[in-house]
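This report refers to the structure that appears directly beneath it.
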Amino acid sequence: MSLSRTKPALSDILHLPCDLTDVNDRRAKFKQLAERDDIFGLVNNAGVATPNLIEDFDNEIYSKVMDLNATAVTELTAAIVPVLIKNKQGRVVNISSELILGFATRTAYSASKAAVSSFARTWALELGKYNICCNAIAPGPVETELFLQNNPPGSEVRKKAGKIPLNRFGRPGDVAGVVSFLMSDEATFITGQTLYVCGGSSLGSVPV
Numbered sequence: 002m003s004l005s006r007t008k009p010a011l012s013d014i015l016h017l018p019c020d021l022t023d024v025n026d027r028r029a030k031f032k033q034l035a036e037r038d039d040i041f042g043l044v045n046n047a048g049v050a051t052p053n054l055i056e057d058f059d060n061e062i063y064s065k066v067m068d069l070n071a072t073a074v075t076e077l078t079a080a081i082v083p084v085l086i087k088n089k090q091g092r093v094v095n096i097s098s099e100l101i102l103g104f105a106t107r108t109a110y111s112a113s114k115a116a117v118s119s120f121a122r123t124w125a126l127e128l129g130k131y132n133i134c135c136n137a138i139a140p141g142p143v144e145t146e147l148f149l150q151n152n153p154p155g156s157e158v159r160k161k162a163g164k165i166p167l168n169r170f171g172r173p174g175d176v177a178g179v180v181s182f183l184m185s186d187e188a189t190f191i192t193g194q195t196l197y198v199c200g201g202s203s204l205g206s207v208p209v
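Residue numbers for the sequence shown follow our numbering, so the first one is 2 and each next one is one higher.
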């Protein structure tokens, strides 16, 4: 759901549009965010996937995917963590992907999402002493607006939902619910983990 559609319901929230692919823009916005002292949690949820077989490797494409999916995550977290340390509490949730287990044509994407899962483990070790929990969520295929647009009813991808143990694709709320849980008081003893929210598709070979 786009921010423009939810903005009326979030009038008390700071809206800070940012082009994460623009290094100067994102660093300026990260610096602005870091000036706040009321930040409790950070959800790193941005990413791009560009299909390429390994024999068609393109360094420029690879670098762009890694920059947005991994480097920007590191830069934002580095900017915000001092606030969490000062407050001696906080949460960091990285949105990874079940494709960290491997998927054809996704060398850069799989690598970048494996990176953010690894970040969560590393940051959990570094930040636990400040009562900061760091985790990752690895969604399977989720019926976002973009997914539905690119995969209309009857498409080959849609037909593969039946191969998922729960017999459906994920919904945005499935992932949002886990984010909410990890941000809650019920998750104060969970850190350094990657939670698969995939309907069981990570249990076997489900080529979606």
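Beta carbons are placed, not taken as given, at the ideal position from N, Cα and C, and that holds for glycine.
Length of the line joining the Cα atoms of residue i and residue j
i, j, result
"residue 2", "residue 146", "With a pLDDT of only 40 at residue 2, under 50, the local geometry of the prediction cannot be trusted, and no value is derived from it."
"residue 32", "residue 43", "14 Å"
"residue 152", "residue 162", "12 Å"
"residue 169", "residue 178", "17 Å"
"residue 160", "residue 15", "41 Å"
"residue 193", "residue 67", "21 Å"
"residue 57", "residue 21", "26 Å"
"residue 123", "residue 187", "22 Å"
"residue 76", "residue 47", "13 Å"
"residue 191", "residue 65", "32 Å"
"residue 28", "residue 114", "21 Å"
Chain-order list of residues whose beta-carbon lies under 8 Å from that of residue i (same chain, five-residue window excluded)
i, result
"residue 176", "96, 138, 140, 143, 198"
"residue 117", "45, 70, 71, 74, 95, 96, 97, 137"
"residue 62", "51, 53, 109"
"residue 171", "140, 141, 142, 143, 144, 198, 199, 200"
Residue i: first and last residue of the uninterrupted beta strand (DSSP E) it sits in
i, result
"residue 96", "91-96"
"residue 101", "Careful: residue 101 lies outside any beta strand (DSSP E) and carries neither H nor E."
"residue 44", "42-45"
Residues of its chain near residue i, where Cβ-Cβ distance is below 6 Å and the 5 sequence neighbours each way are ignored
i, result
"residue 90", "132"
"residue 184", "42, 92"
"residue 148", "none"
Terminal residues of the alpha helix (DSSP H) in which residue i lies
i, result
"residue 200", "Element bounds for residue 200: n/a, residue is neither H nor E."
"residue 83", "73-88"
"residue 137", "From DSSP, residue 137 is part of no alpha helix (DSSP H) but of the beta strand (DSSP E) over 133-140."
"residue 122", "108-128"
"residue 182", "173-184"
"residue 64", "60-67"
"residue 24", "24-35"
"residue 158", "157-160"
"residue 146", "146-151"
Cβ-based burial, residue i [other Cβ within 10 Å; buried from 16]
i, result
"residue 24", "exposed"
"residue 125", "buried"
Residue j beta carbon less than 7 Å from that of residue i
i, j, result
"residue 40", "residue 84", "yes"
"residue 201", "residue 173", "no"
"residue 99", "residue 203", "yes"
"residue 135", "residue 121", "yes"
"residue 35", "residue 105", "no"
Cutoff 7 Å; reference residue i; Cβ partners in own chain excluding five residues on either side
i, result
"residue 18", "none"
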